[in-house]
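K.L.:
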Amino acid sequence: MEDPTMDSNHNETILRPDHVPSQSTAADDTAAAVAVPSMPQPVAPLPTTAVDGQGMWRAWTRVFEKPSAALLDLLDNSFDAALHADFQGRVVMDCLLTEEQQQQQDTQVPATCTGITIMNNSKFEIKSLEEALTVYKSTKNAEQEDEQEEDDNKSTEEGSSSRKTVIGENGVGLKHGCATLSDTSFVLTRNHTTIQVGVIAKSLQSVRGVYLPSFTFELEQQQADNNEDQDGQIYQHINDMIDIQPRMGDVLAQSLGEGELHKGITLLAQRIQIMSWSDDWQHEDHVFQLLLCHLHHLGEIEIIDVDNPEASDIISAKAFLDEIQAMLPEYYINIPSTFDFRIDGERIHFSFWQHRLVELTHFPIHVPKENNLDDYQASSDWIREGYPLNIYCGFDAQRVDWDVHNGSVSPCMMYIYSRQAGRLIKIDDDARLLLNLCASGSDYMQGLTIIIDDYTANLPLQPTKDGIAWSENRGGDVHRTNLLAWAGAVAQCFWKENFKKFDTKSTGGRAKLMLKRVIRSFAVDQLEDLEQCLEQEHGDDDDDDEEDNNKEKAAARKRKQKKVAEEMANADFNRYENVRWRKDLNKFKKLVIRRVPRVSGFNIKKGSDTLYEITPARIEEVKTNAKAERLGSIPRPKKQGPRKRKYTISIEPKPTKASAAEAKSKSNNNKNDDDNVDSTEVAGKRQRRSRSTPIQYTDPVSDQGEDSEDLIEYTVPVRKSTRKRKATRKAATRRKKSVTDVADDDSDNEAEPVAAANPDTSILEQKLLESDILLKQEQLRSIKAERALQEGKDLVAKLQAKLERYQGKPPPPGYQPDDDSTLREELNRVKEERNSYKHRLDARIDQGARVQELYRQNKLLREQLQEQGGEPMSVLLKRVDKLEARIKRRDMTILKLEQAAPNDTLSTAEPVAAVSPEKATDGEIIQSI
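First residue of the sequence shown: 14, per the numbering used here; consecutive thereafter.
#1: Would you mind reading off the limits of the alpha helix (DSSP H) that contains S979?
#2: What is the DSSP secondary structure of R607, reduced to helix, strand or coil?
#3: Report yes if the CB atom of A582 is closer than 7 Å to the CB atom of N347, and no otherwise.
#4: Would you be able to state if there are at least three C-beta pairs under 8 Å between the stretch 394-412 and the stretch 364-380?
#5: Where does M427 sit, in a helix, a strand or coil, going by DSSP?
#6: Mapping DSSP to helix, strand and coil, what is Q700?
#7: Where do the N-terminal and C-terminal ends of the beta strand (DSSP E) with R588 fall, by residue?
#8: Beta carbon of K945, beta carbon of L386: below 7 Å?
#9: L874 and L777 - do their beta-carbons sit closer together than 7 Å?
#10: Which residue marks the beginning of the beta strand (DSSP E) containing L461, and which one marks its end?
#11: Can you list the alpha helix (DSSP H) stretches of 4 or more residues lying completely in the stretch 610-637, in chain order?
#12: Just curious, the beta strand (DSSP E) that R103 is in, first and last residue?
#13: Could you give the DSSP three-state label for Q243: helix, strand or coil?
#14: Tell me the DSSP secondary structure of F601 in three-state form.
#15: With a threshold of 7 Å on Cβ separation, who are the neighbours of V809 within its own chain once the five nearest residues in sequence on each side are excluded?
#16: Assign D479 to one of three DSSP states: helix, strand, or coil.
#17: When we look at the beta-carbon of G399 and count the other beta-carbons within 10 Å, is it buried (16 or more) or exposed?
#18: Could you spell out the range, first to last residue, of the beta strand (DSSP E) harbouring P349?
#19: Please list the terminal residues of the continuous beta strand (DSSP E) segment that includes M261.
#20: Out of L109, T202, G68 and I429, which has the shortest C-alpha to C-alpha gap to T127?
#21: For N9 and V104, what's the separation of their Cα atoms in angstroms?
#22: Buried or exposed: P629, going by 16 or more other Cβ atoms within 10 Å of its Cβ?
#23: Taking C-beta to C-beta, are S141 and H299 nearer than 7 Å?
#24: Hey, which unbroken runs of the alpha helix (DSSP H) at 4 residues or more fall wholly within the stretch 390-457?
#25: Considering only DSSP beta bridges, list what V300 is partnered with.
#26: How big is the Cα-Cα spacing for G943 and S291?
#27: Do G222 and G68 have their C-beta atoms closer together than 7 Å?
#28: Where do the ends of the alpha helix (DSSP H) carrying H492 lie?
#29: If we ignore side chains and look at the alpha-carbon of each, how far apart do Q945 and L274 end up?
#30: So for K815, helix, strand or coil by DSSP?
#31: Do you know how far the Cα of F354 is from the Cα of Q338?
#32: If you compare alpha carbons, which of M254, E359 and N871 is closest to I786?
#33: Can you give me the C-alpha to C-alpha distance between V422 and A502, rounded to a whole angstrom?
#34: Three or more C-beta pairs closer than 8 Å, one from the stretch 482-489 and one from the stretch 388-398: is that the case here?
#35: Taking the alpha-carbon positions, what's the A39 to R436 distance?
#36: Find out if the Cβ-Cβ distance for the pair L867, S795 is shorter than 7 Å.
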């Protein structure tokens, strides 16, 4: 017998009683060789190029980005077959188990199960596997070509699917998805009593060509009541397949039988029995089943069981099904509630966005494909031009809550769905620029979500359904521009309409923040709805008869009991009525569509399927932080004082009555303590504090390591109001005692603090502090200028040394006269930079005069403080003296270095930094001061 791998025409074998393959190919070749003299000679067929089967298999495995994308492509074919009006569609996914293993599944899942099954029914007859397994051929495109030649009524009666409804019309689906997920897959179909078995196996491919065999046989319906006869005829047909193609035995043994042929035959026969005579599928006329054996890409999620190490494989298959189960509701939005989709026996509900988006609103629009919207006259009905399209807008509460907990933002995201099933095609994480919206600040954020539903299938898709092929049509750019213009118009209208609810004086100018908080509060309601759903699924409904005093839980239960439409295209969401639109070109010559404001008749029609709405009661509830405990900490904006000084506050605990009395008695004997003095540490954020809070001012450059030892502390009193100062002065006048008398009088425990007796001291202390800070800033700028000058001097010295080396040597090979001129130009440029550094240093020297003036003012201030404040300022004066001593030591160091340094050809008056200017940091510079 001829090897079927040598000729692709033998891909399908019809099993007859005599097991003789079809000879239609030989008959066709004979007819083509006969020439009729009276007729014109037909054109000879072009020779074909050989295809490497193993290379083609490698190409199939590199089509999809992720394994989940390959499985979604296989599910697209199931939806195309089962999703039709007036038809009960059904899709079931499960682990690939034998009948015995299914009975033992509740106790222990066998470790030999590493595959999955996909089974679905079909409203119309399933196409032949000979056509489905043809390399790079889509039967759906072939149907479209056939429909052009057949009568429309006839094609409708036969159930031919058009391009407008199907998903996988690009010829990339069954073969590529199976090759990506598994090395061996079996395709089973049943049209009434006709069974077809196709094999997509890597082991059958060779360099001589691609071999995807298929077999066809008939089941005898009169034997349906006899189980032994049913099993016998199926086993007989499988043995006939092995007789025709002996290599099928190896494929069955390795993929389904764990190396044993009889186990592989038994499992395949059981799968055919399930789709033919089981209670769930025997009433279906057309059934499709796919067996994926030994899945790939699951090694990283395997879990090893110590008691049963081989059980990790089945856990991997179950985990893959769990991953698909979690992502399916988001990837399909137009699956009706009557559609029965089950994974591992659990029903899948396709109402993802209905239970997630706040203020879910529907915008029906029309988009022209070939004509630009800007070309239409404003007086015409340009809004109705083009094909219909649905756009949904809402705020994703769970995404906002997740972003707040993780410290990220919640930008505007856009999802594009297409085809009848509403398959997710593309996601844009931040679509504000794409939609010509303001992308600065927090506008159009707060979890804003835009959903585009191309339910009429007018968008050209890429073969893998992960993008839009705009270049497929001639007017692709125009089509894209019109679509994005409408999406941007709808997004702006929706966001501004909800923003108006918070744009009042009651928010205190924080309308966007309040909008984000209100949207985030709905995440709690959605979690409560999920808990109610889990309780119902697990049968925990014993407490339903009891009265619930919690209003929020009662509202959540009411929302959960209400059934929403799972098919978004036919759902009843909120709608904006009587909206007037205008089109224009922005400053970048891009088409934009905007809503005309203040139009009479505008109304928001409430929909029954919009579960979460922003109401005045919810806004007031969030304002009063009624849900603060459940929401967690809400970040507040940073506040800064009028001078924008950064410092951190360390608030001490409030003293008790006993400690307060003890501190009050000690304050009369210790003149250095002052209740009204605050000390702050400069390095962080500014926060609110009490008047008795100690604050420590430190240097803002560094607060770690050795620099922290040189931080200088100051004591700054709190500024009192004029009314309090007057009261303090009157109290001091009535007693007629000096500061010293109050300190020596032990009997008077109600004496005022020292600072209260000398109100002018606080002003002088503040001036002294500001002058010292200004002095340090000027010194820092001067040191940075010196460092820049030193860098310029070093660069000039290097260039001069390089020039001297080249002057005394012969020119190198390939020398050009322009080299010397280039080097001189570079040297002149560096000299000019050096001169600019010198000018800047001269300016800093002029600033030194101001520094000397600051020295003089500080000295006067100290004298005044000594005269008025006395001993309470001794600590501050010691710190100032310490600072001056460091400055004087630095000046002496600079002077010594200038005297010891040799004469420089560039400058003889520049001061040299005590710290290496090339490697010194700001912290080291401050430390050197």
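We treat Cβ as the ideally placed atom computed from N, Cα and C, and that holds for glycine. Treat the numbers as computed from the prediction; the structure is a model and nothing was measured.
P.N.:
Working from what's here:
#1: Nothing can be reported for residue 979: it is not among the residues displayed for the chain, which extend from 14 to 942.
#2: Stepping through the sequence shown from its first residue, residue 607 is reached at position 594. Note: R607 maps to strand in three-state DSSP.
#3: As a first step, residue 582 must be located in the sequence shown, where it is residue number 569. As a first step, residue 347 must be located in the sequence shown, where it is residue number 334. Yes, the Cβ-Cβ distance between A582 and N347 is below 7 Å.
#4: yes
#5: Here residue 427 is taken as the residue at index 414 of the sequence shown, counted from 1. Here M427 sits in strand by DSSP.
#6: Within the sequence shown, residue 700 is the residue found at index 687, counting from 1. Here Q700 scores only 43 on pLDDT, less than 50, and its place in the model should not be relied on; the value that follows carries that caveat. Note: Q700 maps to coil in three-state DSSP.
#7: Taking the sequence shown and counting its residues from 1, the one referred to as residue 588 is at position 575. In the DSSP assignment, R588 falls within the beta strand (DSSP E) that extends over N587 to E590.
#8: Absent from the structure is residue 945, since the part of the chain shown begins at 14 and ends at 942.
#9: Numbered from 1 along the sequence shown, position 764 holds the residue referred to as residue 777. Numbered from 1 along the sequence shown, position 861 holds the residue referred to as residue 874. Yes. Within cutoff.
#10: Here residue 461 refers to the residue found at position 448 of the sequence shown. Here the beta strand (DSSP E) through L461 covers L461 to D467.
#11: 629-636
#12: What you label residue 103 is simply residue 90 of the sequence shown in a count that begins at 1. It spans R103 to C108 - the beta strand (DSSP E) in which R103 sits, taken as one unbroken run.
#13: By one-based count along the sequence shown, residue 243 stands at place 230. Three-state result, Q243: helix.
#14: Counting from one through the sequence shown, the residue named residue 601 turns up at place 588. Correct three-state label for F601: coil.
#15: Mapped onto the sequence shown, residue 809 falls at position 796. Taken in chain order, the residues that qualify are V843, K844, R847 and L919.
#16: By 1-based counting over the sequence shown, the position of residue 479 is 466. In the structure shown, D479 sits in coil (DSSP, three-state: anything other than H, G, I, E or B).
#17: Looking up residue 399 in the sequence shown gives position 386. G399 is buried by the Cβ-count criterion.
#18: To locate residue 349, count along the sequence shown from 1; it is residue 336. Here P349 belongs to no beta strand (DSSP E), and DSSP marks it neither H nor E.
#19: Within the sequence shown, numbered from 1, the residue matching residue 261 stands at position 248. Segment R260 to S268 is the alpha helix (DSSP H) holding M261; no beta strand (DSSP E) there.
#20: Reading the sequence shown from its first residue, position 114 is the one you call residue 127. Ranking the options by Cα distance to T127, first place goes to L109.
#21: Residue coverage of the chain in this structure runs from 14 to 942, which leaves residue 9 outside it and unanswerable.
#22: As a position in the sequence shown, residue 629 is number 616, starting the count at 1. Classification of P629: exposed, given that the 10 Å Cβ count is below 16.
#23: Here the question's residue 141 lines up with position 128 in the sequence shown. Here the question's residue 299 lines up with position 286 in the sequence shown. No, they are not a contact pair.
#24: 410-419
#25: On the sequence shown, position 287 is the one that residue 300 refers to. N134 and R203, per the DSSP bridge assignment.
#26: Only positions 14 to 942 of the chain appear in the structure, and residue 943 is not among them; the question remains open.
#27: The residue labelled residue 222 in the question sits at position 209 within the sequence shown. The residue labelled residue 68 in the question sits at position 55 within the sequence shown. Cβ distance not < 7 Å, so G222 and G68 don't count as in contact.
#28: Here the question's residue 492 lines up with position 479 in the sequence shown. Start and end: G489 to F512.
#29: Coverage of the chain is limited to positions 14 through 942, which leaves residue 945 absent and any answer about it impossible.
#30: Position 802 of the sequence shown, counted from the start, is the residue given in the question as residue 815. In the structure shown, K815 sits in a helix (DSSP, three-state: H, G or I).
#31: Numbered from 1 along the sequence shown, position 325 holds the residue referred to as residue 338. Numbered from 1 along the sequence shown, position 341 holds the residue referred to as residue 354. Each residue's Cα considered, the two are about 10 Å apart.
#32: Residue numbering aside, residue 786 sits at position 773 when the sequence shown is read from its first letter. If we check each option's Cα against that of I786, N871 comes out closest.
#33: Position 409 of the sequence shown, counting from 1, holds the residue named residue 422. Position 489 of the sequence shown, counting from 1, holds the residue named residue 502. Whole-angstrom Cα-Cα distance: 23 Å.
#34: With the cut-off at 8 Å, the stretch 482-489 and the stretch 388-398 do not touch.
#35: As a working note, residue 39 is residue 26 in the sequence shown. As a working note, residue 436 is residue 423 in the sequence shown. A caution first: A39 carries a pLDDT of 38, below 50, which makes its placement in the model unreliable, though a value can still be read off. So the alpha carbons of these two residues sit roughly 45 Å apart.
#36: As a position in the sequence shown, residue 867 is number 854, starting the count at 1. As a position in the sequence shown, residue 795 is number 782, starting the count at 1. At the C-beta level, L867 and S795 stay beyond 7 Å of one another.
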